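For the sequence shown, the numbering used here begins at 47 and goes up steadily by one. Glycine included, C-beta positions come from ideal geometry on N, C-alpha and C. Every value quoted in this text rests on a predicted model; they were computed, and no experiment measured them. Below: one structure, written as structure tokens.
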Amino acid sequence: MPSLPKTLAMIVLSASTLFSSGLMADQKYGFAEKTKCIKPYMPLIINFKVDDYLNNFAGIAYNIIYIGADDNNGRADLNSLYTNSEGHDYLSQGGNVYRYAKTEIKDSYSYVNAPGGTMMSYLSKPVCLEKKDCHVYPSNFQPTTDHGISKYNDLKRYYPNDFIYVHSGLFPTLHEGNLDTTIFTLVRKFKVLRIEIFTVTNGENVFDSAKWMGDIGAEPIVMEYRASQSGDEYYYLDGASGLRRPTSTSPLKAFPNHLDPSIQAMDFKLKFKEGVLGEIYSEAQFYYFSDAQKETLNKCSTPWHK
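Below is the structure:
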């Protein structure tokens, strides 16, 4: 077969090079149909609603704690990336969960929240690690893990080599309208996912018994799911999880033992009668991706669960 003319050979070589470069660019930068998104990183949506102002306690605090299943195994050293050259650790940011008297009149309207306690950083240190953090009252109440104390330190011991994500915050007292906050997680596939919702009794004696605080009041919602150890795609509920006092209209009265990986969003709500802690009730509802939404996710570079 006769060889190509030199000029034509250069054109064919250039076209081939451009095609190969374009294909690599599609794969690298997400222009190809299956690389426009990465399904495991589509966020899980977590929503909190707190209605009515809170009359006799300082507010509602929360932790969302999780470990990604794929991206950070053995990477506890990632914590060091959040410390600047002057030694400040940005992950140490956290608000004050106390409230302070602004007058000498001891009624419920004589208090204001510390401004720093109403908003914390998107990634931050957990709240309620000790009794003094969130449950000064009742004085004889001794909070424990799953009943007023965060499990964060235990999880650090269980998973010493993993990077643990934390989102934390406080819903302040004396708010005249409903509070509504949505958090988007930074990963979708979890080794552990835990949500802790605490009441904060600093600054005001709630006059509820230590037993009632342990059973219901200190941590009205706690939920923890862990990835399966047997290789299936479901998440399994930790036995200490629970809605301590669900309303009669709550879509969930208890958390499902198995969490389907097609979970889209989790909504949590806390309700009160006249803002009194003793009247606290909780609600929860889970939403899952529709078939049409799964089709959209199937266009990502990793397929949706079947």
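Same chain, Cβ closer than 6 Å to residue i, five either side skipped, listed in chain order
i	result
residue 301	269, 283 and 287
residue 114	233
residue 305	271 and 281
residue 96	106, 217, 225 and 316
residue 189	177, 181, 195 and 264
residue 22	Limits of the chain in this structure are 47 at one end and 352 at the other, which puts residue 22 out of reach.
Pairwise C-alpha distance: residue j and residue i
i	j	result
residue 88	residue 234	6 Å
residue 102	residue 172	24 Å
residue 130	residue 321	42 Å
residue 214	residue 243	10 Å
residue 332	residue 311	6 Å
residue 277	residue 252	46 Å
residue 248	residue 229	25 Å
residue 313	residue 211	20 Å
residue 231	residue 292	25 Å
residue 107	residue 307	27 Å
residue 319	residue 257	21 Å
residue 180	residue 194	8 Å
residue 104	residue 133	32 Å
residue 203	residue 261	26 Å
residue 241	residue 187	22 Å
residue 296	residue 326	13 Å
residue 338	residue 279	20 Å
Option in the options with minimal Cα separation from residue i
i	options	result
residue 404	246, 317, 107 and 258	Look at the range of the chain in this structure, 47 to 352, and you will see that residue 404 is not part of it.
residue 197	344, 255 and 110	110
residue 177	258, 245 and 240	245
residue 336	345, 346 and 309	309
residue 94	345, 267, 346 and 236	267
residue 90	169, 236 and 170	236
residue 92	334, 346 and 338	334
residue 259	294, 275, 192 and 346	192
For residue i, the three-state DSSP class (helix, strand or coil)
i	result
residue 291	coil
residue 243	strand
residue 267	strand
residue 306	coil
residue 198	helix
residue 234	coil
residue 275	coil
residue 79	The pLDDT assigned to residue 79 is 47, lower than 50, so where the model puts this residue is not dependable; a value taken from the coordinates is nonetheless given after this. Residue 79 falls in the helix class under three-state DSSP.
residue 311	strand
residue 133	coil
residue 283	strand
residue 329	strand
residue 321	coil
Distance cut-off 6 Å: residue i Cβ against heavy atoms of the ligand ATP
i	result
residue 342	The ligand ATP is not among the ligands present in this structure, which contains no ligands whatsoever.
Same chain, Cβ closer than 8 Å to residue i, neighbours up to 5 away in sequence not counted
i	result
residue 254	184, 263, 323 and 324
residue 238	111, 112, 113, 201, 205, 270, 271, 272 and 273
residue 298	289, 292, 329, 330, 331 and 332
residue 303	282 and 283
Other residues of its chain near residue i: CB distance less than 7 Å, five sequence neighbours each side excluded
i	result
residue 199	175
For residue i, the residue or residues it bridges with in DSSP
i	result
residue 96	225 and 316
residue 215	108
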